[in-house]
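What follows is one structure encoded as structure tokens, with my remarks underneath.
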Amino acid sequence: MLTTIYAILFYVATLTFVGGIALRIKQYWSIPAPLKIPTTPAPTTKRGVWFRMFKEVALFESLFKSNKWIWVFGMLFHAGLALVVLRHFRYFTDTTNLVWAWVNWIQPFGIYASFAMMIGLVGLFVRRIVVPRVRYISAPSDYLMLLMLIMIGISGMLMKFVSHTDIIAVKQFFRGLMVFEFHPLPADIPLLVHLTLVATLMIIFPFSKLLHAPGVFFSPTRNMVDNPREKRHIAPWAAELEKKN
Amino acid sequence: MSEQENSAPTVEDYLNPLARPKLNPGSMKDLHSFEASESHQEKLGFPGGLVDDWHDVAITKMGDLLTKYRGFRVYMDSCVKCGACTDKCHYFLGTGDPKNMPVARQDLLRSVYRRYFTTGGKYFPKLVGARDLTEDVLGEWYNYFHQCSQCRRCSVYCPYGIDTAEISMAAREIMDTVGKGQKYCNEIIGKVYDVGNNLGFPTPALKATLESFEEDLEEETGLDIKLPLDKKGADILLVTPSADFVAEPHIDGFLGYAKVFHAAGANWTLSSVASEAANFGMFIGSYENMRKVSLRIREAALELGVKRIVFGECGHAWRVAYSFLNTLAGPFDFLDPRYPSPQHICEYTWDLIEKGELKFDKSRNDKYRLTYHDSCNVARATRMGDKPGGQFEIPRNILKATCNYYFDMEEDTIKEATVCCGGGGGLLTDDLMDLRVKGASPRMTALQNVRKEHGVTHMAAICAICKSQFAKVMPKYDFEMDNILSVHQMVSNAILLEGAKDPEDDDEDDDDDWIPPTPPPRPPRGSAA
Chain A
8 MLTTIYAILF YVATLTFVGG IALRIKQYWS IPAPLKIPTT PAPTTKRGVW
58 FRMFKEVALF ESLFKSNKWI WVFGMLFHAG LALVVLRHFR YFTDTTNLVW
108 AWVNWIQPFG IYASFAMMIG LVGLFVRRIV VPRVRYISAP SDYLMLLMLI
158 MIGISGMLMK FVSHTDIIAV KQFFRGLMVF EFHPLPADIP LLVHLTLVAT
208 LMIIFPFSKL LHAPGVFFSP TRNMVDNPRE KRHIAPWAAE LEKKN
Chain B
326 MSEQENSAPT VEDYLNPLAR PKLNPGSMKD LHSFEASESH QEKLGFPGGL
376 VDDWHDVAIT KMGDLLTKYR GFRVYMDSCV KCGACTDKCH YFLGTGDPKN
426 MPVARQDLLR SVYRRYFTTG GKYFPKLVGA RDLTEDVLGE WYNYFHQCSQ
476 CRRCSVYCPY GIDTAEISMA AREIMDTVGK GQKYCNEIIG KVYDVGNNLG
526 FPTPALKATL ESFEEDLEEE TGLDIKLPLD KKGADILLVT PSADFVAEPH
576 IDGFLGYAKV FHAAGANWTL SSVASEAANF GMFIGSYENM RKVSLRIREA
626 ALELGVKRIV FGECGHAWRV AYSFLNTLAG PFDFLDPRYP SPQHICEYTW
676 DLIEKGELKF DKSRNDKYRL TYHDSCNVAR ATRMGDKPGG QFEIPRNILK
726 ATCNYYFDME EDTIKEATVC CGGGGGLLTD DLMDLRVKGA SPRMTALQNV
776 RKEHGVTHMA AICAICKSQF AKVMPKYDFE MDNILSVHQM VSNAILLEGA
826 KDPEDDDEDD DDDWIPPTPP PRPPRGSAA
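Protein sequence lines correspond, in order, to chains A and B.
Heads up, the first sequence is in the working numbering, so the first residue is 8 and it goes up one at a time.
Heads up, the second sequence is in the working numbering, so the first residue is 326 and it goes up one at a time.
The following block contains the structure:
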């Protein structure tokens with residue numbers, strides 16, 4: 008019963024997550040940006056834009072200029088989360104296969120990263136409460152989103168450091184899902200909490216502010232080349248307008 | 326560095342221009358600029374007054390904009406409320422009203438977007454901060470989206486590049502569409518359609534003004550410097566803000582362009598059709614109106630048969646010119662491809678300086694100890710020259726080539742971090758004076774600091790709005806209204822024209838033009854120039 012419920016939950020979550028984001032990306036892609044609006048100084052070449060975007064996504068360059076505290080907590084959280092997620096690849100891959108060998112290598116880093124992630128999340132949560140400006144702009148969902156991530160982190164770390172779960176069985180469960188075979192899922196509370204929240208997060212991702220992840224790549228102030236005098240830029244609907252008069 | 330006692334600021338008299346204010350909720354909620362009248366609205370193709378089904382029209386328009394502007398859509402979705410922008414708006418810094426924090430300003434619109442266009446907002450409005458569009462919300466939009474100068478400072482600091490200017494443009498477009506436009510912007514656009522420029526300055530008056538300027542120039546230099554209007558077959562069309570014909574210090578800058586053209590032997594002209602560089606269509610986010618205003622320039626260029634278009638000193642005009650003109654009124658394949666189209670007057674002048682074609686006597690500007698205000702739209706929405714950042718370097722290079730004492734203000738208030746003058750984006754109207762004065766405070770504080778530290782007496786700018794705004798608000802901050810200068814005014818003072826008489830010959834007559842610098846210049850710290 009439990010296995011079936013979680014199997015269904017993860018199929019639904021994965022479909023929503025992947026499908027939802029794909030649709031969202033398609034939507035962003037199809038909406039034109041009719042005017043050249045890069046925030047300048049901006050790169051004058053495509054390659055330059057790639058570099059700017061890399062700095063934005065990997066180093067949070069603009070945030071660094073803005074506020075060092077948010078940058079530190081944001082960086083700890085995102086970099087930590089990235090490593091933790093990579094560490095979780097061991098539940099989905101055959102790590103004896105040479106292609107996935109890096110997953111073994113990354114394991115200890117993933118453990119440290121969980122602490123970084125938690126420090127970052129708690130820092131962001133505390134800021135949201137104690138800085139009046141940030142408190143003013145926060146909706147209930149903004150707190151809940153952080154709490155959910157914190158709970159995911161705590162439940163995950165409980166399994167690692169306090170009460171171990173049968174991770175072999177967990178791996179069999181997830182590897183099984185990938186080929187539509189259902190292996191029993193251990194009925195441990197931390198694991199079930201962890202998995203429920205992760206699935207929830209995946210489901211709300213395409214409908215929430217978590218869209219900042221794909222969104223940043225479509226931000227015209229960051230992804231446009233500064234060459235309006237050299238190259239005429241015109242949106243299809245604006246070209247239609249020109250035909251009229 | 327020599328340690329002169331009174332040149333270094335003490336801790337007590339240094340004020341942080343970007344100091345965060347205490348939150349003062351609602352302090353600016355009642356600031357309501359005059360609404361456009363029926364005739365203002367209709368000239369622009371908008372309904373004359375609030376339409377009966379305004380709610381549905383507004384939501385439909387929002388939906389329409391969401392499919393036309395990628396930026397608007399992405400920015401509605403992407404904000405994570407991290408708070409990075411919260412202390413970046415000069416209006417927030419000056420007023421403490423939390424709804425002047427960029428994210429809170431965006432949320433006025435985003436909350437409605439969420440309610441009508443997102444799953445979360447449709448089913449759990451309280452949870453995600455979504456709300457219905459009510460008359461109160463519309464009123465709040467009107468008041469707070471006319472407290473944004475669209476300067477893009479917040480966009481520099483946003484990790485996703487969310488640009489509040491884009492959102493306030495969308496909001497104003499929605500409000501215009503339901504019949505709730507702003508008088509200042511819409512009346513001005515109407516004047517451009519009726520008369521050809523923002524000030525509603527008719528062609529005969531323009532002609533007479535130019536003639537009187539020619540006389541002034543002749544008196545000053547002894548040279549016959551022409552200010553041609555509608556001259557067919559000219560090489561260069563100069564498009565400049567109409568304030569350059571009527572306001573100080575704009576006029577002095579305008580006479581500077583004329584001297585540069587004269588020195589270069591250029592065959593140039595103004596146009597009565599395009600007697601305005603500004604394009605307020607941008608402020609109200611209306612592509613159609615912005616395009617219509619832009620097409621005048623194309624029309625004038627074709628009509629006069631010019632080979633180049635040069636823009637005078639005007640901030641957002643340069644944004645529309647540099648970033649949008651090719652889109653709105655291009656292609657400009659009929660112009661000389663050896664020059665960028667359009668070109669900024671600073672690019673034009675700097676190019677001549679680099680080639681050694683202009684000669685200056687810097688000492689003529691020794692009465693000024695100068696700093697430079699980067700105008701927001703030039704700094705963050707355009708470029709000059711070939712390299713990114715040319716918009717910062719070229720005007721400074723011109724100032725350094727024409728005067729001996731130049732000092733920058735604090736790094737976090739200039740260049741891409743520049744703080745807006747407080748009057749941009751369609752807010753340069755007396756009914757918003759309270760906001761304009763408060764919004765200028767970060768810039769004025771930075772200027773006071775550089776006055777204390779370097780004895781700076783004057784600030785130069787290359788934007789008609791900045792110049793008018795500073796002339797008005799500087800007296801509130803212990804400066805004189807003529808402490809703001811045009812960049813080309815410095816050029817005009819220092820330029821050596823062949824055959825011109827020495828300005829010192831008739832120094833007596835000129836003296837009443839020069840207000841003694843306040844406070845008296847202090848000795849330079851270390852090597853000043």
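Even glycine gets a Cβ: it sits at the ideal position worked out from N, Cα and C.
Computed from a predicted structure; not experimentally measured.
Short CB-CB distance (under 9 Å) between residue i and chain B
{"i": "A:Trp57", "result": "no"}
{"i": "A:Tyr18", "result": "no"}
{"i": "A:Asn74", "result": "yes"}
{"i": "A:Lys250", "result": "no"}
{"i": "A:Arg140", "result": "yes"}
{"i": "A:Lys43", "result": "yes"}
{"i": "A:Ile159", "result": "no"}
{"i": "A:Gly222", "result": "yes"}
{"i": "A:Phe89", "result": "Checking the sequence shown, residue 89 of chain A turns out to be Ala, not Phe. No, A:Ala89 lies away from the interface with chain B (no Cβ there is under 9 Å from its Cβ)."}
Beta-carbon proximity list for residue i, same chain, < 6 Å, skipping 5 on both sides
{"i": "B:Tyr416", "result": "Asn425, Gln472 and Gly764"}
{"i": "B:Phe538", "result": "Leu552"}
Candidates the options: closest to residue i by CA position
{"i": "B:Phe570", "options": "B:Phe605, B:Leu463, B:Leu356 and B:Ala530", "result": "B:Ala530"}
{"i": "B:Lys393", "options": "A:Lys251, A:Ala246 and A:Thr52", "result": "A:Ala246"}
{"i": "B:Phe732", "options": "B:Thr754, B:Gln716, B:Leu695 and B:Lys447", "result": "B:Leu695"}
{"i": "A:Pro191", "options": "A:His201, A:Val200, A:Met125 and A:Lys178", "result": "A:Lys178"}
{"i": "B:Lys505", "options": "B:Ile550, B:Ala572 and B:Trp379", "result": "B:Trp379"}
{"i": "A:Phe181", "options": "A:Thr100, A:Arg142, A:Leu70 and A:Lys75", "result": "A:Thr100"}
{"i": "B:Ser324", "options": "B:Arg621, B:Ser793 and B:Asn614", "result": "Summary: the structure shown does not reach residue 324 of chain B, with chain B confined to residues 326 through 854, and so no result is reported for it."}
{"i": "A:Leu204", "options": "A:Thr11, A:Ile159, A:Phe71 and A:Phe214", "result": "A:Ile159"}
{"i": "A:Asn74", "options": "A:Ile118, A:Thr172, A:Val92 and A:Leu131", "result": "A:Leu131"}
{"i": "B:Asn808", "options": "B:Pro828, B:His783, B:Ile820 and B:Glu624", "result": "B:His783"}
{"i": "B:Leu753", "options": "B:Ala344, B:Phe449, B:Gly486 and B:Tyr509", "result": "B:Tyr509"}
{"i": "B:Val645", "options": "B:Ala706, B:Asp686, B:Tyr697 and B:Lys687", "result": "B:Ala706"}
{"i": "B:Arg856", "options": "B:Ser666, B:Gly590, B:Gly640 and B:Pro662", "result": "Nothing in the structure corresponds to residue 856 of chain B, since chain B is present only between 326 and 854."}
{"i": "B:Lys386", "options": "B:Arg345, B:Leu535, B:Thr502 and B:His575", "result": "B:Thr502"}
Simplified DSSP state of residue i, which is helix, strand or coil
{"i": "B:Glu360", "result": "strand"}
{"i": "B:Ile809", "result": "strand"}
{"i": "B:Ser332", "result": "Reliability of the predicted coordinates at B:Ser332 is poor, the pLDDT of 48 falling under 50, and the value obtained from them is presented with this limitation in mind. Here B:Ser332 sits in coil by DSSP."}
{"i": "B:Val635", "result": "strand"}
{"i": "B:Pro668", "result": "It is worth fixing the name first, because residue 668 of chain B is Gln in this sequence and not Pro. Here B:Gln668 sits in strand by DSSP."}
{"i": "B:Ala786", "result": "strand"}
{"i": "A:Thr47", "result": "coil"}
{"i": "A:Thr144", "result": "Checking the sequence, you will find Ile at residue 144 of chain A rather than Thr. Correct three-state label for A:Ile144: coil."}
{"i": "B:Glu833", "result": "A caution first: B:Glu833 carries a pLDDT of 47, below 50, which makes its placement in the model unreliable, though a value can still be read off. Residue state, collapsed to three classes: helix."}
{"i": "B:Ile561", "result": "strand"}
{"i": "B:Ile820", "result": "strand"}
{"i": "B:Tyr339", "result": "coil"}
{"i": "B:Leu458", "result": "coil"}
{"i": "B:Tyr441", "result": "helix"}
{"i": "B:Thr743", "result": "coil"}
{"i": "B:Tyr731", "result": "strand"}
{"i": "B:Tyr518", "result": "helix"}
{"i": "A:Leu42", "result": "coil"}
Beta-carbon proximity list for residue i, same chain, < 8 Å, skipping 5 on both sides
{"i": "B:Glu367", "result": "Gly373"}
{"i": "B:Leu433", "result": "Lys424, Val462, Glu465, Trp466, Tyr469, Phe470 and Ala496"}
{"i": "A:Ile44", "result": "Pro227, Thr228 and Met231"}
Any C-beta of chain A under 9 Å from that of residue i
{"i": "B:Cys671", "result": "no"}
{"i": "B:Asn651", "result": "yes"}
{"i": "B:Val816", "result": "no"}
{"i": "B:Ile719", "result": "no"}
{"i": "B:Arg705", "result": "yes"}
{"i": "B:Tyr485", "result": "yes"}
{"i": "B:Leu452", "result": "yes"}
Same chain, Cβ closer than 7 Å to residue i, neighbours up to 5 away in sequence not counted
{"i": "A:Asn230", "result": "Val56, Met60 and Phe224"}
{"i": "B:Trp839", "result": "Any reading at B:Trp839 needs caution, since the residue's pLDDT is 46, under 50, leaving its predicted position unreliable; the model's value is listed next. The answer, listed in chain order, is Lys692."}
Residue-chain proximity (residue i, chain D), Cβ-Cβ < 9 Å
{"i": "B:Val564", "result": "Included in the structure are the protein chains A and B, with no chain D among them."}
At least 3 beta-carbon pairs within less than 8 Å: the region 796-806 of chain B vs the region 711-730 of chain B: Short answer: they don't touch.
Segment contact flag, the region 646-658 of chain B with the region 572-584 of chain B, C-beta cutoff 8 Å, min 3 pairs: No, the region 646-658 of chain B does not touch the region 572-584 of chain B.
At least three beta-carbon pairs within less than 8 Å, the region 498-506 of chain B to the region 602-612 of chain B: Between the region 498-506 of chain B and the region 602-612 of chain B there are three or more C-beta pairs closer than 8 Å, enough to call the two in contact.
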